[in-house]
Amino acid sequence: MNEQILLLRQVHPNFFPDGEVSSQAFFPFPKDDGKLSVYDGNQTTAEASHQHYTVELGLESVGVWAVSGAETVSIGLTHQPDPVAGNPAHAIINFGAFTEKECRKLAKKLKKFAVDRGSQYRVA
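Residue numbers (the working numbering): 118 to 241.
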């Protein structure tokens, strides 16, 4: 994956309070083992990723925001392809061995990058 890639993140309605993206949208859940699921923007579009996430997987998303590979690397994170059955465009942002407190700070930085870029796809 190159550093110009856009890593597309689905935002759950719970992480969109008052019409604003929360940094929680960029924080890996404990079950995710420090890996934040994203879509590889070189393999799919924001709209197609939203369709896959909501229709094929049956999950909730108010829209798609993105960070670049370069942005993730600039704050000490890594990203890599992680294709899974039914989703060859699946990728991860790896938070690795950072503490929970450090991960929260990193999630805030990712959120800022994504919000500054603007939504890539929003539900009408």
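A virtual CB, placed ideally from N, CA and C, is assigned to each residue, including glycine.
Rounded to whole angstroms, P200 and G158 show a C-alpha spacing of 13 Å. Comparing alpha-carbon positions, the option among F212, A206, H169 lying closest to L124 turns out to be A206. Pairwise C-beta distances place the stretch 156-176 out of contact with the stretch 221-232, as fewer than three of them are shorter than 8 Å. Within the same chain, S185, G186, A187 come within 8 Å of Q121 by CB-CB distance, once the 5 residues on both sides are set aside. Separation of F133 and A241 (C-alpha to C-alpha, rounded to the nearest whole angstrom) is 15 Å.
Counting only runs of at least 4 residues, the stretch 144-183 fully encloses the following alpha helix (DSSP H) elements, listed from N- to C-terminal order: 163-168. With respect to A183, Q237 sits close: the two C-beta atoms are nearer than 8 Å. N204 sits buried, since 16 or more C-beta atoms from the chains shown fall within 10 Å of its C-beta.
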